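Asker:
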Amino acid sequence: MAIPITVLDCDLLLYGRGHRTLDRFKLDDVTDEYLMSMYGFPRQFIYYLVELLGASLSRPTQRSRAISPETQILAALGFYTSGSFQTRMGDAIGISQASMSRCVANVTEALVERATQFIRFPADEASVQALKDEFYGLAGMPGVIGVVDCIHVAIKAPNAEDLSYVNRKGLHSLNCLMVCDIRGALMTVETNWPGSLQDYAVLQQSSLSSHFEAGIHKDSWLLGDSSFSLRSWLMTPLHIPETPAEYRYNMAHSATHSVIEKTFRTLCSRFRCLDGSKGALQYSPEKSSHIILACCVLHNISLEHGMDVWSSPMTGPMEQPPEEEYEHLESLDLEADRIRQELMLTHFS
1 MAIPITVLDC DLLLYGRGHR TLDRFKLDDV TDEYLMSMYG FPRQFIYYLV ELLGASLSRP
61 TQRSRAISPE TQILAALGFY TSGSFQTRMG DAIGISQASM SRCVANVTEA LVERATQFIR
121 FPADEASVQA LKDEFYGLAG MPGVIGVVDC IHVAIKAPNA EDLSYVNRKG LHSLNCLMVC
181 DIRGALMTVE TNWPGSLQDY AVLQQSSLSS HFEAGIHKDS WLLGDSSFSL RSWLMTPLHI
241 PETPAEYRYN MAHSATHSVI EKTFRTLCSR FRCLDGSKGA LQYSPEKSSH IILACCVLHN
301 ISLEHGMDVW SSPMTGPMEQ PPEEEYEHLE SLDLEADRIR QELMLTHFS
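Just so we're aligned: 222 in full-length UniProt numbering is position 222 of the sequence shown, and the numbers increase by one with no gaps anywhere.
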């Protein structure tokens, strides 16, 4: 008696009828609430990402059932925003852990390729002046075109150069340098610095420093906290203010610099893979650096789509490697001292 031959669905064998297979999972089949709870972003935003990254994620493959760009993006968003293990997020859309890893890697690289499209300093004079006006309107600090700070993101101990990634708290991390505008949009992101480097050393070696040292932004400056050295293009607070003008300067500086502190909180709240609450990123420093940069690109894209940085849900205190305790850095730049004194005399006396 002949036995009928049945074509078996491999995904059905692996995941059962209760899971959506690669062919069955469609954005239109799930609610907006489901998308927000599982992937952290609304439907139209995900559709935009599919359009933006689709060509990069549809590269030729030898596999008969290549994973669609839509599914790859959902897998990566689920990992970025939950910080959970890849297995659980893969189960939600019916793909294996190995496939989940490939999805995260593919989407991460596609976003990194577009980093300069979404993370950049304004180049035209009108946009630079708009930055100054916006920052001045916040707390009365003139000439500011951005606020700068560093944030540590925990990573697993790398196989090589282990000690270079150990920060002052004894944790392995990357020390990431970022600059944002008054809306929280990131204008500079450098995510590759090892955690052993203190903030001032990161800035000193950064491309950001080279950019400003070249004098491109004359009569403009960034604001940085006391972990950085005073420069002619970087205004830091006074260690011990004594006069009313110095106190007013420090208060305006603190109120303005708080923008990037809020930005960091939002970034780690939206992208839980960065906050350390679910453990360190289980990747090499290079891959971890790319994941951080990919999240920063998504952060800026979300702002362009009206997802306000200050309205993002905060899910509790940020659980990340503590930042270094730093000693006050005395200024060795006489020109920078002169600029800061003139600033206080002119605007805060």
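Just so you know, even glycine gets a beta-carbon here, dropped at the ideal spot from N, CA and C.
Just so we're clear, the structure is a prediction, and the values are computed from it rather than from any experiment.
(1) Could you tell me if Ile216 is buried or exposed, where buried requires 16 or more neighbouring beta carbons within 10 angstroms of its beta carbon?
(2) Considering only the alpha carbon of each residue, which of Glu213, Gln97, Phe45 lies closest to Leu298?
(3) Are the CB atoms of residue 415 and Ala139 nearer to each other than 8 Å?
(4) With distances taken between CB atoms, is the gap from Ile260 to Val147 smaller than 8 Å?
(5) Once you ignore the five residues that flank Ser58 on each side, which residues in its own chain have a CB closer than 7 Å to its CB?
(6) If you drop the 5 nearest sequence neighbours on each side, which residues of the same chain put their C-beta closer than 7 Å to that of Ser84?
(7) In chain order, what are the residue ranges of uninterrupted alpha helix (DSSP H) at least 4 long that sit wholly in the segment 20 to 56?
(8) What would DSSP say about Asp149, mapped onto helix, strand or coil?
(9) Which residue spans inside the segment 212 to 281 form an unbroken beta strand (DSSP E) run of at least 3?
(10) Report the rounded CA-to-CA distance for His290 versus Glu125, giving the unit in angstroms.
(11) Does the beta-carbon distance from Gln198 to Ser227 come in below 8 Å?
(12) So for Gln341, helix, strand or coil by DSSP?
(13) In the DSSP assignment, what are the bridge partners of Ile155?
(14) What three-state label does DSSP hand Val189 in the structure shown?
(15) Look up Asn175 in the DSSP assignment and give the residues it is bridged to.
(16) Considering only C-alpha positions, which residue in the set Tyr283, Ser269, Ser284, Pro285 is nearest to Cys296?
(17) Thinking Thr81 and Phe271 are a contact (beta carbons under 8 Å), I'd like their distance in whole angstroms, please.
(18) Leaving out five residues on either side along the sequence, give the residues of the same chain with a beta carbon under 6 Å from the beta carbon of Tyr249.
(19) Within the chosen definition, does the segment 231 to 242 reach the segment 332 to 341 through at least 3 CB pairs nearer than 8 Å?
(20) What does the alpha-carbon distance come out to for the pair Gly137 and Leu334?
(21) Can you tell me the Cα-Cα spacing of Ser258 and Asp181, whole angstroms?
(22) Who are the Cβ neighbours of Ile301 in its own chain at under 7 Å, not counting the five residues just before and after it?
(23) Between Leu267 and Val112, is the Cβ-Cβ spacing less than 8 Å?
(24) Mind checking whether Met187 and Asp149 have CB atoms under 8 Å apart?
(25) Classify Asn106: buried if its beta carbon has 16 or more other beta carbons within 10 angstroms, exposed otherwise.
(26) To which residues of the same chain is Ser232 closer than 6 Å at the C-beta, ignoring the five residues directly before and after it?
(27) Out of Gly170, Ile240, Arg183, Asp275, which has the shortest C-alpha to C-alpha gap to Glu134?
(28) Run the CB neighbour count on Asp29, radius 10 Å, all protein chains shown included, and call it buried at 16 or more, exposed below.
(29) For Leu273, collect the residues of the same chain with a Cβ closer than 8 Å to its Cβ; drop the 5 residues on either side in sequence, then sort them by chain order.
(30) Suppose you measure from the CA of Val128 to the CA of Ser210; what does that come to, to the nearest Å?
(31) Report all residues from its chain with a CB closer than 8 Å to the CB of Tyr283; omit the five preceding and five following residues, and keep chain order.
(32) Look at Leu230 and Val144 and say whether their C-beta atoms are less than 8 Å apart.
(33) Just tell me which of Tyr247, Ser220, Ala123, Val104 has its CA closest to the CA of Leu53.
(34) Closest by CA to Lys218, which one among Leu35, Pro42, Thr108, Lys132?
Answerer: In short:
(1) exposed
(2) Phe45
(3) Because the chain is modelled from 1 through 349, residue 415 falls outside the range shown and cannot be assessed.
(4) yes
(5) Pro69
(6) Lys278
(7) With a minimum length of 4 residues, the continuous alpha helix (DSSP H) runs that stay inside the segment 20 to 56 are 32 to 39.
(8) strand
(9) Look at the segment 212 to 281 and you find these whole runs of beta strand (DSSP E), each 3 residues long or longer: 221 to 223.
(10) 31 Å
(11) yes
(12) helix
(13) Leu281
(14) strand
(15) Looking at the DSSP output, Asn175 sits in a beta bridge with His152, Trp193.
(16) Ser269
(17) 6 Å
(18) Met344, Phe348
(19) Touching, yes.
(20) For Gly137 and Leu334, the distance between alpha carbons rounds to 29 Å.
(21) 11 Å
(22) Phe118
(23) no
(24) no
(25) buried
(26) Glu335, Ala336, Ile339
(27) Arg183
(28) exposed
(29) Checking the sequence, you will find Cys at residue 273 rather than Leu. The answer, listed in chain order, is Phe79, Tyr80, Thr81, Ser82, Gly83, Leu281, Ile291, Cys295.
(30) Val128 and Ser210 have their C-alpha atoms spaced approximately 18 Å apart.
(31) Ile155, Lys156, Ile291
(32) In this structure, Val144 does not lie closer than 8 Å to Leu230 by Cβ.
(33) Distances from the alpha-carbon of Leu53 to those of Tyr247, Ser220, Ala123, Val104 put Val104 closest.
(34) Lys132
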